[in-house]
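Note that the protein sequences, when read in sequence, are chains A and D.
In terms of this note's numbering, the first sequence opens at residue 23 and continues consecutively.
In terms of this note's numbering, the second sequence opens at residue 16 and continues consecutively.
Glycine residues also receive a C-beta, built at the ideal position from the N, C-alpha and C atoms.
Contents: one structure, followed by commentary.
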Amino acid sequence: DQQVKQNSPSLSVQEGRISILNCDYTNSMFDYFLWYKKYPAEGPTFLISISSIKDKNEDGRFTVFLNKSAKHLSLHIVPSQPGDSAVYFCAARLGGGSNYKLTFGKGTLLTVNP
Amino acid sequence: KAGVTQTPRYLIKTRGQQVTLSCSPISGHRSVSWYQQTPGQGLQFLFEYFSETQRNKGNFPGRFSGRQFSNSRSEMNVSTLELGDSALYLCASSFGGGLSSNEQFFGPGTRLTVL
């Protein structure tokens, strides 16, 4: 049972355009969501996060939107740059106590073409 | 501040052998989590250690085990290796002390190949 789903294995966009990466989840107890970026031969690096009490968080070119009623979040990258080409993972954390386990989606490979 | 380090970076073993992977967290971080990454399954949580105690565990067989030392360094062991254990094993550290520790910092991983 996959609780965090990234239904698009890959996405290709032109440099300068917007990239939208989507993530759906099933567990309404998730209280914190994170996006990680991963280059080949490197570990994932933290990109941006959002608490379940918010619906938007912005950091430079990156914005994450959360729609709790739809159990859906998305990462917007504007404008997209070739250096953004990487695998993007959506992750979710269960709320409360000391449960720091993150549940990850399978990732979306973003390719930004010059 | 030095990042998360993992050793070795690459490892080749044969079926039936056992392997031990090592992870040194960021200085001051007390939580260490281990993940297995495969092309078909993405990142799957193995277990998390905090203050030398296993605090969370994923759905992996008992062949996968770990421990954490007093300096927060962690090791992961896989016994009786199977071909399907070939994967990138990632270690992540975080402060682990409350809501401020949501972000985990990953090491570069150990690429394990089982022949």
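is_contact[residue 59(D), chain A] using C-beta, thresh 9 Å: Output row for residue 59(D): interface = yes.
Chain D contacts made by the segment 60 to 72 of chain A, where a contact means CB separation under 9 Å: Close to chain D, meaning a Cβ-Cβ distance shorter than 9 Å, are the following residues of the segment 60 to 72 of chain A: 60, 63, 64, 65, 66, 67, 68 and 71.
Neighbour-count burial assignment, residue 51(A), 16 or more Cβ in a 10 Å radius: exposed
Reference residue 63(D); option with closest CA among 53(D), 57(D), 56(D) and 75(D): 75(D)
Inter-residue Cα distance where the pair is residue 87(D) and residue 97(A): 33 Å
Where the beta strand (DSSP E) through residue 32(D) begins and ends: Neither: residue 32(D) is in no beta strand (DSSP E) and is coded neither H nor E.
Segment limits, beta strand (DSSP E) that includes residue 91(D): 89 to 93
Three-pair Cβ contact test at 8 Å for the segment 40 to 52 of chain D versus the segment 87 to 101 of chain D: Judged by Cβ distances under 8 Å, the segment 40 to 52 of chain D makes contact with the segment 87 to 101 of chain D, as three or more pairs qualify.
Ranges of the alpha helix (DSSP H) found wholly within the segment 59 to 128 of chain A, counting only runs of at least 4: none
Chain A contact for residue 76(D) (CB, 9 Å cutoff): It does not; no Cβ of chain A falls within 9 Å.
Best match in 32(D), 27(D) and 47(D) for proximity to residue 78(D) [C-alpha to C-alpha]: 32(D)
Simplified DSSP state of residue 81(D), which is helix, strand or coil: Three-state DSSP puts residue 81(D) in a strand.
Residue-level contact to chain D via CB, residue 97(A), 9 Å cutoff: Using a Cβ-Cβ cut-off of 9 Å, residue 97(A) does not count as an interface residue toward chain D, since no Cβ of chain D sits closer than that to its own.
CA-to-CA distance, residue 61(D) to residue 46(D), given in whole angstroms: 14 Å
Residue 107(D) at chain A interface by Cβ criterion, 9 Å: yes
Beta carbon proximity, residue 39(D) to chain A, threshold 9 Å: no
Chain-ordered residues of the segment 61 to 94 of chain D with a beta carbon less than 8 Å from chain A: Listed by position, the residues of the segment 61 to 94 of chain D near chain A (Cβ gap below 8 Å) are 63, 65, 70, 71 and 73.
Boundaries of the beta strand (DSSP E) in which residue 13(D) is found, first to last residue: It is not possible to answer for residue 13(D), since the shown part of chain D is limited to 16 through 130.
Contact check, residue 27(D) vs residue 93(D), beta carbons under 9 Å: no
Under 9 Å from the C-beta of residue 111(A): neighbouring residues of chain D: Chain D residues near residue 111(A): 57 and 58.
Status (buried if at least 16 other CB within 10 Å, exposed otherwise) for residue 72(D): exposed
Minimum Cβ-Cβ distance from residue 99(D) to chain A less than 9 Å: Not an interface residue.
Per-residue contacts from residue 76(A) into chain D (C-beta, under 7 Å): None at all; the shortest Cβ gap to chain D is about 13 Å.
Under 7 Å from the C-beta of residue 88(A): neighbouring residues of chain D: Neighbours of residue 88(A) on chain D: none; closest Cβ ~14 Å, over 7 Å.
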